[in-house]
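Residue numbers (this note's numbering): 3 to 344.
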């Protein structure tokens with residue numbers, strides 16, 4: 003976790019933008035109640051517009067049906083990251099900020115979070131998915147309409163996984179953490195997150211509410227409950243996300259209905275990695291194992307009661323044979339020595 007990384011991002015935004023063109027539009031407030039309604043009101047002060055403020059209210063690229071608006075109005079918002087991840091949010095580190103927007107980081111270095119998964123805070127329709135270029139400081143931006151006038155903004159993304167006009171579910175991946183902005187803005191990797199209600203930027207900025215609780219402005223570290231759904235649902239983690247950037251799955255073995263063991267390889271550094279990804283009892287700590295043994299070396303094992311996965315277990319194995327496997331529930335897999343070339 004890092005608050006200093008967040009402060010770094012904010013300082014660079016200050017230097018790159020000055021007071022006239024904010025990289026981030028103000029983050030947002032949902033009402034204190036976990037279930038917003040179209041008639042909810044806010045007592046928070048209305049930020050004063052500055053020159054160029056209209057650039058931070060880009061036009062939608064897709065329309066939303068009125069019926070969808072009514073359906074989505076009661077959505078419960080969650081942290082925009084996969085279940086179980088802890089992120090430090092900061093709303094005060096940059097002079098470019100308005101009111102209640104939030105910059106999120108969790109790594110210990112400036113670009114530690116680059117490429118991390120960003121998910122939808124609530125279900126809705128994507129109304130913007132584009133690089134804003136020189137228009138404003140958002141860089142790669144995804145905006146989701148949740149109905150009842152509620153929208154969320156996800157800015158500076160490294161990549162976008164959804165296009166304008168598509169419907170997304172809560173917890174669905176929409177992009178990755180990045181540092182894109184307008185030319186000349188050298189920001190460190192972070193997610194800029196906002197919530198707005200209705201029209202009239204910047205007066206429509208609202209406080210952010212996650213899992214029914216208002217964010218503890220100006221700084222708070224939170225653990226995501228997005229799609230945790232104890233015991234069911236979809237595992238928000240993949241073998242690639244667990245092992246890290248550069249790893250590719252080269253083999254896998256089903257562990258009944260309880261999970262899957264994966265063997266991955268990184269061509270850049272010659273390392274293998276093993277991760278066991280659970281499919282059942284998600285969010286509940288159950289016995290789970292992942293192991294990797296390079297021929298001629300001691301086996302490395304990650305074993306314990308885990309909520310979503312065991313691993314990553316990594317070892318240098320270029321040109322060497324490996325044994326690998328794992329266990330979830332009552333099912334286990336143990337390979338022979340194999341994959342001797344990778």
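Ideal Cβ positions, reconstructed from N, Cα and C, are used throughout, including at glycine. If you're wondering where the values come from, they're calculated on a predicted model, not measured in any experiment.
Collapsing the DSSP output to three states places residue 330 in a strand.
Across the structure, residue 221 and residue 121 are spaced so that their CA atoms are roughly 21 Å apart. In this structure, residue 331 places its C-beta atom within 8 Å of the C-beta atom of residue 260. If you ignore the 5 residues before and after residue 168, its C-beta comes within less than 8 Å of the C-beta of 127, 128, all in its own chain and listed in chain order. Excluding five sequence positions before and after residue 248, the CB atoms of its chain that fall closer than 6 Å to its own CB belong to 268, 270, given in chain order.
In this structure, residue 324 sits near residue 296, with a CB-CB distance shorter than 8 Å.
Judged by DSSP secondary structure, residue 243 falls within the alpha helix (DSSP H) whose first and last residues are 241-245. Residue 245 and residue 138 have their C-alpha atoms some 35 Å from each other.
With respect to the 8 Å criterion, residue 204 and residue 101 are classified as neighbours on the basis of their beta carbons.
Relative to residue 123, the option among 145, 111, 237, 131 whose CA is nearest is 145.
Around the C-beta of residue 329, 16 or more other C-beta atoms lie within 10 Å, and the residue is accordingly described as buried.
The three-state secondary structure of residue 107, taken from DSSP, is strand. Contact check for residue 118 and residue 178: beta-carbon distance about 6 Å, within the 8 Å limit, so the pair qualifies. Nearest to residue 305 by alpha-carbon distance, out of 298, 319, 288, is 288.
Between the alpha carbons of residue 161 and residue 334 lies a distance of about 36 Å. The alpha helix (DSSP H) runs of length 4 or more contained entirely in the segment 129-171 do not exist; there are none. For residue 208, no beta strand (DSSP E) run applies, since DSSP gives it neither H nor E. As a beta-bridge residue in DSSP terms, residue 275 pairs with 266, 316.
Apart from the 5 residues on each side of it in sequence, residue 94 sits with its Cβ closer than 6 Å to the Cβ of 220 in its chain, given in chain order. Excluding sequence positions up to five before and after residue 85, its CB lies within less than 6 Å of the CB of 226, 228, 229, 230, 238, all in the same chain and listed in chain order. Rounded to whole angstroms, the separation of the alpha carbons of residue 60 and residue 327 is 50 Å. Put simply, the backbone Cα of residue 141 is about 5 Å away from that of residue 134. C-alpha of residue 172 to C-alpha of residue 256: approximately 27 Å in a straight line.
In the DSSP secondary-structure assignment, residue 193 is bridged to 106.
Contact check for residue 266 and residue 341: beta-carbon distance about 11 Å, past the 8 Å limit, so the pair fails to qualify. By the CB criterion at 8 Å, residue 78 and residue 214 fall inside the cutoff. By the 16-neighbour rule on beta-carbons within 10 angstroms, residue 336 is exposed.
Of the residues 273, 243, 252, the one whose Cα lies closest to the Cα of residue 312 is 243.
In this structure residue 321 is exposed. Its beta-carbon is surrounded by fewer than 16 other beta-carbon atoms within 10 angstroms. Residue 164 and residue 131 have their C-alpha atoms spaced approximately 7 Å apart. Under the three-state reduction of DSSP, residue 58 is assigned to helix.
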